[in-house]
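There are 2 protein chains.
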Amino acid sequence: MTTRPLPPFARIVEGLPATVPFVGPEQQERDRGRPFAARIGANESVFGPSPRAVEAIARAAQDAWMYGDPSTYDLRGALAAELGVEPANLVIGEGIDGLLGLTVRLFANPGDVVVTSAGAYPTFNYHVAGFGARLVTVPYRGDAEDPEALAAAAREHGARLVYLANPDNPMGSWHGATGVERLIDALPEGCVLCLDEAYVEFAPAGTAPALDVADPRVIRFRTFSKAHGLAGLRVGYAIAEARLAAGFERIRNHFGVGRVAQAGAVAALADRGHLARVVAEVEASRAEIARIAAANGLAVLPSATNFVAIDCGGDGALARAVLRGLVARDVFVRMPGVAPLDRCIRVSCGRTHDLALLEAALPAALAEARAALR
Amino acid sequence: MTTRPLPPFARIVEGLPATVPFVGPEQQERDRGRPFAARIGANESVFGPSPRAVEAIARAAQDAWMYGDPSTYDLRGALAAELGVEPANLVIGEGIDGLLGLTVRLFANPGDVVVTSAGAYPTFNYHVAGFGARLVTVPYRGDAEDPEALAAAAREHGARLVYLANPDNPMGSWHGATGVERLIDALPEGCVLCLDEAYVEFAPAGTAPALDVADPRVIRFRTFSKAHGLAGLRVGYAIAEARLAAGFERIRNHFGVGRVAQAGAVAALADRGHLARVVAEVEASRAEIARIAAANGLAVLPSATNFVAIDCGGDGALARAVLRGLVARDVFVRMPGVAPLDRCIRVSCGRTHDLALLEAALPAALAEARAALR
Chain C
326 MTTRPLPPFA RIVEGLPATV PFVGPEQQER DRGRPFAARI GANESVFGPS PRAVEAIARA
386 AQDAWMYGDP STYDLRGALA AELGVEPANL VIGEGIDGLL GLTVRLFANP GDVVVTSAGA
446 YPTFNYHVAG FGARLVTVPY RGDAEDPEAL AAAAREHGAR LVYLANPDNP MGSWHGATGV
506 ERLIDALPEG CVLCLDEAYV EFAPAGTAPA LDVADPRVIR FRTFSKAHGL AGLRVGYAIA
566 EARLAAGFER IRNHFGVGRV AQAGAVAALA DRGHLARVVA EVEASRAEIA RIAAANGLAV
626 LPSATNFVAI DCGGDGALAR AVLRGLVARD VFVRMPGVAP LDRCIRVSCG RTHDLALLEA
686 ALPAALAEAR AALR
Chain F
326 MTTRPLPPFA RIVEGLPATV PFVGPEQQER DRGRPFAARI GANESVFGPS PRAVEAIARA
386 AQDAWMYGDP STYDLRGALA AELGVEPANL VIGEGIDGLL GLTVRLFANP GDVVVTSAGA
446 YPTFNYHVAG FGARLVTVPY RGDAEDPEAL AAAAREHGAR LVYLANPDNP MGSWHGATGV
506 ERLIDALPEG CVLCLDEAYV EFAPAGTAPA LDVADPRVIR FRTFSKAHGL AGLRVGYAIA
566 EARLAAGFER IRNHFGVGRV AQAGAVAALA DRGHLARVVA EVEASRAEIA RIAAANGLAV
626 LPSATNFVAI DCGGDGALAR AVLRGLVARD VFVRMPGVAP LDRCIRVSCG RTHDLALLEA
686 ALPAALAEAR AALR
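Here is the structure:
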């Protein structure tokens, strides 16, 4: 048998890494040979989706033989009413991840510069590389993304896109609306801010700038995966000036968000009571994580999200060892990848029993980590 | 208030049409102001999904707060066992549509040539344009895609990709496995055949070439949207040589197929009885569509799919008028877009009452169309 030559990949693809950092907790469980007892590592909403969404999904399952409406009319209509914008300002996509990929494709030619913070959302960087654009990073300032440095880098390099998560992932920090507005005003002409507001429902009032869909300098990204507890459906949305939103129509996977996902998202949006309960649970959980950290002599960073960064009090090696100790004790958590952010582990908000497992595991994980690095 | 300048789109996007041809039946219903009575236009499986899949979706809804496994381990494992390939030969994506987009991106540089048949699947062409590749088309031969012409065009233009749907959409025709194998052998070196087998479960034995995952010259695309009746979940899969399958890892939306969709697909795959019943229903329905056509003096094309092309006996103008008459009578059907294929309307298989509505509407639609064009 002769081995046939492999067809060549396109030039951009040829230059991409062969492995990617998307390892889910399920893969870790298979590698470990046993499940996690607490799943508090991926900033999922362990408090669950609205019962109305669960019911809507089950009902839609009967109709799953039909494609979803490619124009996502009902969902865009419901979101538009909720947000006080027009349906033409909304783009529904396969999670914020999918929409970020489309956004890079929409604005960045190969070689164009895109700016983000070193240590911010890696999936955005994955898409920037994936379309052959050039990533320029600026450091965090303290534990927050640095709007002034982002704007300065954008001006210096004539960037097409700037990424800012507000509130931030992985640190949980946030800027007030005026800080974000200053960033927008400081961008060079023709540059678009990708404002990732995945966690905005958990943030203090005044974190998100008022929606101004006449402004083509910013596209905002929100999701049903976090506060709405529907990560398993994959529905995100972008809020954009109408001509920019229309641009997505030229390239998106029009049937990519199915009927079942659309139905679940519409039902979730209608259940404001559930959302309020989840936000309250998250607040209580953040306080509980802080208490557990303090009982172990550790500080937490202030958080405007559904997770809390615990400062392990050393460097990245120490935090990585603590994380390994927690994972070995069946507590799934994650951590930032870049120094000095990586002195922290990142713990998603959990129910009482999830956090009890964290509380039980942390002292030994910490002691082990300190002993190993002494 | 000053109007801010619009940021420029990337060069490829700038050149794309501002409108796209993805109009779902829901949009038609909104435009008409009333719902369709028979939804037999989008080749959906009106016979529905497996009750086991419906149950699995409802169960997974409870867990929808968790992201889906990005490695789609269970689904790839189940498919691998079913198909007799390795999980490393499988790529799960947001429908065949999504996977076709990734495939174009994987292999075609801007300006590279991609070959398809004029009148074949428009979404493939949408992706070719979307990534700046150059589409070359060859005509159908009779009512079937023409493998020899496809291969000749690929050799002439040094194509990177060739698209063939087998069985074909929109005509329902098909080639035997040896015809497809001859096409693969006739491709120029480095060219990949995108073999769209969305309808393969409905085709006679011997339509699909044996799976040879050592062969990097072909990538095959299948779906849960047709025979499995799960169009509303959007789960498709590609079968490819392992290094090609690994290439998708560099660019795909890793969390794009959610937990709920994965659970539904796994359950559907396990219900062979349901699949067999649907295939039998489709066979009976094809015969019934042929009977209805014959009763109106019309011929149907042989079909290896879950739809039937009815030859309206004239040109495109006549068929379009017949289609309008059916739509006006609340029967949703579609038709090919390119002459001479557009002498036909395309009717998806339906239940007894769906086809009774077709039978009731067709005589008047036909008479009206003939009168209008006399």
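From first to last, the protein sequence lines are chains C and F. The C-terminal position of the first sequence is numbered 699 in our numbering, with every residue numbered one higher than the one before it. The C-terminal position of the second sequence is numbered 699 in our numbering, with every residue numbered one higher than the one before it. Note that beta-carbon positions come from the ideal geometry of N, C-alpha and C, so glycine has one too.
Among the options, which has the Cα closest to the Cα of residue i?
i                 : options                                       : result
Arg-430 (chain F) : C:Asp-667, C:Ile-337, C:Arg-401 and C:Ala-615 : C:Ile-337
Glu-526 (chain C) : C:Leu-512, C:Ala-686 and C:Lys-551            : C:Lys-551
Leu-400 (chain F) : F:Val-416, F:Ala-385 and F:Trp-390            : F:Val-416
Val-663 (chain C) : C:Ala-478, C:Tyr-446 and C:Thr-428            : C:Tyr-446
Pro-495 (chain C) : C:Pro-627, C:Gly-358, C:Glu-339 and C:Glu-693 : C:Pro-627
Arg-659 (chain F) : F:Leu-425, F:Phe-361 and F:Gly-501            : F:Phe-361
Ala-609 (chain F) : F:Arg-545, F:Thr-677 and F:Asn-414            : F:Thr-677
Gly-589 (chain F) : F:Ala-363, F:Tyr-562 and F:Ala-378            : F:Ala-378
Leu-558 (chain F) : F:Glu-419, F:Gly-402 and F:Arg-364            : F:Glu-419
Tyr-562 (chain C) : C:Asp-540, C:Leu-594 and C:Arg-542            : C:Leu-594
Phe-372 (chain C) : C:Val-652, C:Phe-632 and C:Cys-637            : C:Phe-632
Asp-521 (chain F) : F:Leu-682, F:Gly-497 and F:Leu-687            : F:Gly-497
Arg-602 (chain F) : F:Ser-370, F:Gly-515, F:Gly-340 and F:Leu-331 : F:Ser-370
Ala-615 (chain C) : C:Gly-650, C:Leu-683 and C:Arg-577            : C:Leu-683
Gly-572 (chain C) : F:Arg-329, F:Ala-692, F:Leu-341 and F:Leu-648 : F:Leu-341
Gly-393 (chain F) : F:Val-591, F:Asp-636, F:Thr-630 and F:His-599 : F:Val-591
Ala-634 (chain C) : C:Val-672, C:Val-607, C:Leu-651 and C:Arg-654 : C:Val-672
With DSSP run on the structure shown, which of helix, strand or coil describes residue i?
i                 : result
Ser-673 (chain C) : strand
Arg-485 (chain F) : coil
Ile-576 (chain F) : coil
Leu-415 (chain C) : strand
Ile-365 (chain F) : coil
Val-461 (chain C) : strand
Phe-432 (chain F) : helix
Thr-548 (chain F) : strand
Tyr-561 (chain C) : As written in the sequence, residue 561 (chain C) is Gly, which differs from the Tyr given in the question. Here Gly-561 (chain C) sits in strand by DSSP.
Arg-659 (chain F) : strand
Leu-713 (chain C) : An answer regarding residue 713 (chain C) cannot be provided, because it is not within the stretch 326 to 699 covered by chain C.
Phe-527 (chain F) : helix
Leu-424 (chain F) : helix
Val-582 (chain C) : coil
Ala-335 (chain C) : coil
Val-348 (chain F) : coil
Phe-632 (chain C) : strand
Ala-535 (chain C) : coil
Ala-618 (chain C) : helix
Ala-343 (chain F) : coil
Ala-469 (chain C) : strand
State buried or exposed for residue i, treating a residue as buried only when at least 16 other CB atoms are found within 10 Å of its CB.
i                 : result
Asp-640 (chain F) : exposed
Asp-510 (chain C) : exposed
Ala-619 (chain C) : exposed
Gly-315 (chain F) : Shown here, chain F extends from 326 to 699; a query on residue 315 (chain F) therefore has no answer.
Asp-679 (chain C) : buried
Asp-493 (chain C) : buried
Pro-376 (chain F) : exposed
Ala-528 (chain C) : buried
Val-656 (chain F) : buried
Gly-483 (chain F) : exposed
Glu-481 (chain F) : exposed
Thr-346 (chain F) : Here the sequence assigns Pro to residue 346 (chain F), which means Thr is not the residue at that position. With fewer than 16 Cβ atoms within 10 Å of its Cβ, Pro-346 (chain F) is classed as exposed.
Val-348 (chain C) : exposed
Gly-694 (chain C) : The amino acid at residue 694 (chain C) is misidentified as Gly; the sequence shows Ala. So Ala-694 (chain C) ends up on the buried side.
Asp-356 (chain F) : exposed
Gly-675 (chain C) : buried
Thr-328 (chain C) : exposed
In the DSSP assignment, what residue or residues form a beta bridge with residue i?
i                 : result
Arg-542 (chain C) : Partner(s): none; Arg-542 (chain C) has no beta bridge.
Ser-442 (chain F) : F:Val-463
Phe-372 (chain C) : The partner list for Phe-372 (chain C) (beta bridge, DSSP) is empty, contrary to what the question assumes.
Ala-624 (chain C) : C:Asp-636
Asp-356 (chain C) : Per DSSP, none; premise fails for Asp-356 (chain C).
Ala-521 (chain C) : In the sequence as presented, Ala is not what sits at residue 521 (chain C); that position holds Asp. C:Ala-490 and C:Phe-546, per the DSSP bridge assignment.
query = Do the stretch 665–672 of chain C and the stretch 642–653 of chain C make contact, defined as three or more Cβ pairs closer than 8 Å?
reply = Because the criterion of three Cβ pairs below 8 Å is met, the stretch 665–672 of chain C and the stretch 642–653 of chain C touch.
contact_flag[the stretch 443–458 of chain F, the stretch 329–345 of chain F] where n(CB pairs < 8 Å) is 3 or more = The stretch 443–458 of chain F vs the stretch 329–345 of chain F: in contact.
task = Answer yes if the stretch 478–493 of chain C comes into contact with the stretch 423–443 of chain C, meaning at least three C-beta pairs across the two stretches below 8 Å, and no otherwise.
result = The stretch 423–443 of chain C vs the stretch 478–493 of chain C: in contact.
query = Is the stretch 527–542 of chain F in contact with the stretch 500–516 of chain F, if contact means three or more CB pairs nearer than 8 Å?
reply = With a cut-off of 8 Å, the stretch 500–516 of chain F and the stretch 527–542 of chain F count as touching, because enough Cβ pairs lie within range.
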